[in-house]
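K.L.:
Sending over a structure as structure tokens; questions will come in a sec.
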Amino acid sequence: EAPMVDEEVSRTINKSCSVGLMYLATIADDEIDAKQVMRLLLLIEVTRIPEVVEHLMVGLWVLMRNPHLAQEMRSFNQDQATKAKNDVFLDDLQDMTEIEQDFHDDEARSRRGSLAGSTCRVQEE
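According to my numbering, the stretch in the sequence shown is residues 6 to 130, in order.
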């Protein structure tokens with residue numbers, strides 16, 4: 006039963022995040038660049054939840070209404086687009102690896118701290 010609950014929680018989180026990204030696309034100005042759009046396209050490509058894809062596609066459509074961004078995206082040829090997507094993937098993978106390492110480091114420090122605090126001391130009379 007636990008894996009089914011985890012899957013449902015994951016779906017809910019993914020849907021919520023996609024709604025958040027859709028909203029952020031509506032308030033984005035010119036600080037969005039092609040690399041961030043490629044990140045959104047990569048999310049659309051890998052997600053398997055139809056509602057998430059729908060929200061991300063709406064966000065993409067909103068972003069592409071920005072003439073500067075639309076022109077930047079149209080300027081990519083297939084090789085440039087593939088390279089940009091791969092660069093985004095590798096950047097994100099590096100970020101996730103660093104976050105995971107930080108998490109494990111924090112967890113190890115926490116364990117050492119709790120072990121140090123639980124050391125038994127014999128009182129002398």
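The beta-carbon is built from N, C-alpha and C at its ideal position, and this holds for glycine as well.
Measuring straight from C-alpha to C-alpha, what distance separates Thr-124 and Asp-107?
P.N.:
Within the sequence shown, residue 124 is the residue found at index 119, counting from 1. Within the sequence shown, residue 107 is the residue found at index 102, counting from 1. In this prediction, Thr-124 scores a pLDDT of 49, lower than 50, which makes its location untrustworthy; the coordinate-derived value is nonetheless stated afterwards. About 26 Å.
K.L.:
Which value, in whole angstroms, describes the spacing of the CA atoms of Asn-91 and Glu-50?
P.N.:
Locating residue 91 in the sequence shown gives position 86, counting from the first residue. Locating residue 50 in the sequence shown gives position 45, counting from the first residue. Approximately 13 Å, taken between the alpha carbons.
K.L.:
Compute the distance between the beta-carbons of Met-27 and Ala-89, then report whether it is under 9 Å.
P.N.:
Along the sequence shown, one-based indexing puts residue 27 at 22. Along the sequence shown, one-based indexing puts residue 89 at 84. Not a contact, by the Cβ cut-off of 9 Å.
K.L.:
State the CB to CB distance for the pair Ala-33 and Leu-68, rounded to an integer number of angstroms; the pair is presumed to be in contact (CB under 8 Å).
P.N.:
Translated into positions along the sequence shown, residue 33 becomes position 28. Translated into positions along the sequence shown, residue 68 becomes position 63. Contact flag correct, Cβ pair sits at about 7 Å.
K.L.:
To the nearest angstrom, report how far apart Gly-64 and Ala-30 are at their CA atoms.
P.N.:
As a first step, residue 64 must be located in the sequence shown, where it is residue number 59. As a first step, residue 30 must be located in the sequence shown, where it is residue number 25. Between Gly-64 and Ala-30, the C-alpha separation is close to 5 Å.
K.L.:
Would you call Met-101 buried or exposed, if buried means 16 or more other Cβ atoms sit within 10 Å of its Cβ?
P.N.:
In the sequence shown, residue 101 corresponds to position 96, counting from 1. Burial call: exposed.
K.L.:
If you follow the alpha helix (DSSP H) that Ile-49 is in, where does it begin and where does it stop?
P.N.:
One-based indexing of the sequence shown puts residue 49 at position 44. Here the alpha helix (DSSP H) through Ile-49 covers 39-51.
K.L.:
Smallest Cα separation from Gln-41: which of Glu-77, Lys-20, Ile-54, His-109?
P.N.:
Working through the sequence shown from its first residue, we reach residue 41 at position 36. Per the Cα distances, Glu-77.
K.L.:
Helix or strand or just coil, what does DSSP make of Ala-113?
P.N.:
Within the sequence shown, numbered from 1, the residue matching residue 113 stands at position 108. Reduced to three states, the DSSP call for Ala-113 is helix.
K.L.:
Which of the three DSSP states is assigned to Arg-79 in this structure?
P.N.:
Here residue 79 refers to the residue found at position 74 when the sequence shown is read from its first residue. The answer is helix: DSSP assigns Arg-79 an H, G or I state.
K.L.:
Helix, strand or coil for Asp-34, going by three-state DSSP, please let me know.
P.N.:
Against the sequence shown, residue 34 aligns to sequence position 29. Of the three classes helix, strand and coil, the one that applies to Asp-34 here is coil, per DSSP.
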